[in-house]
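Engineer: Please find one structure pasted underneath; my questions will follow.
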Amino acid sequence: MLRLRLEAIDMATRGFFGRQQDPALANRIPPGQALTKDFPVLSAGPTPRIETVQWKFTLKIGPKPVKVWGWDQFHELPQTKLTRDIHCVTTWSKLDTAWQGVLIDDILADAGVEPPTGYTLAHSYDGYSTNVPTADLIAGKAMIATLYEGKPLPPDHGGPARLLVPHLYFWKSAKWVNALQFTEKDELGFWELRGYHAYGDPWREQRYTGDP
């Protein structure tokens, strides 16, 4: 069923080779997942190529921009390192991934705003979007990542910057991110409108609409 659903929505996947799960790691790998040491590449379409001199990140409340950062301005914000496990809806999990970027908390602080609503949409340069509850972005839970394993994030993995929300399925960690928009209601994003779960908790196997 999973394979059929993925084929139906035409998600591109390469580089994933499942490995036998170590029983000692069972409490770190959600149900239905398999451990990989690779970093599979998944996308809904062609990979955009964004030069850092052109990159902009916008914080919005509804349609109104609150603040816009260029690449250099963004890197003047506090930089944070996170090492987290990540889990993809296509059933792979990768442990101890190392990221660096700017916490959403620090973005809000620099803009001088408190979270105004309980709902957020992340937008990307390729037109992709995904909805994430605001509570899942703050209190150190999420960042805009620009480095992976100490190196600039490559385009195939969302560079120059991607959203990182590691405790949710990885489609929520939008690649090529260019905006966060606070919304009054929960507005579904690209995959959510095509049958994926609105929240996406890997430990509850919230893969598709109708999953508990």
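Quick note: full-length UniProt numbering has the sequence shown finishing at residue 212, numbered continuously throughout.
Built from N, CA and C at the ideal position, the CB exists for glycine as well.
Between PHE74, THR80, LEU59, which has its C-alpha nearest PRO160's C-alpha?
Structural biologist: PHE74
Engineer: Measuring CB to CB, does ALA122 end up less than 8 Å from THR134?
Structural biologist: Cβ atoms of ALA122 and THR134: not closer than 8 Å.
Engineer: Assuming ILE61 is part of the beta strand (DSSP E), what are its boundary residues?
Structural biologist: Element bounds for ILE61: 56-61.
Engineer: Could you name the residues of the same chain whose beta carbon sits closer than 8 Å to that of TYR208, not counting the 5 residues immediately before and after it, in chain order?
Structural biologist: Within the same chain, TYR208 has close Cβ partners ARG5, GLY195, TYR196, HIS197.
Engineer: Only counting the same chain, and skipping five residues up and downstream in sequence, which positions put a Cβ closer than 8 Å to that of GLU114?
Structural biologist: Excluding residues within five positions, the ones whose Cβ falls inside 8 Å are LEU108.
Engineer: Would you list, in sequence order, the uninterrupted beta strand (DSSP E) runs of no fewer than 3 residues that lie entirely inside the stretch 49-118?
Structural biologist: 56-61, 64-70, 80-87, 92-103
Engineer: Excluding five sequence neighbours on each side, which residues of the same chain lie with their C-beta closer than 8 Å to the C-beta of LEU147?
Structural biologist: TRP99, GLN100, GLY101, LEU153
Engineer: DSSP three-state call for VAL123: helix, strand or coil?
Structural biologist: According to the sequence shown, residue 123 is His rather than Val. Three-state result, HIS123: strand.
Engineer: Who are the Cβ neighbours of TRP191 in its own chain at under 6 Å, not counting the five residues just before and after it?
Structural biologist: Sequence-distant partners of TRP191 (beyond 5 residues in either direction) whose C-beta falls short of 6 Å from its own C-beta, in its chain, are TRP171.
Engineer: Tell me whether ILE130 sits in a helix, a strand or coil according to DSSP, three-state version.
Structural biologist: As written in the sequence, residue 130 is Thr, which differs from the Ile given in the question. The answer is strand: DSSP assigns THR130 an E or B state.
Engineer: Taking the C-alpha atoms as reference points, what is the distance between THR97 and ILE86?
Structural biologist: Here the alpha carbons of ILE86 and THR97 stand approximately 7 Å from one another.
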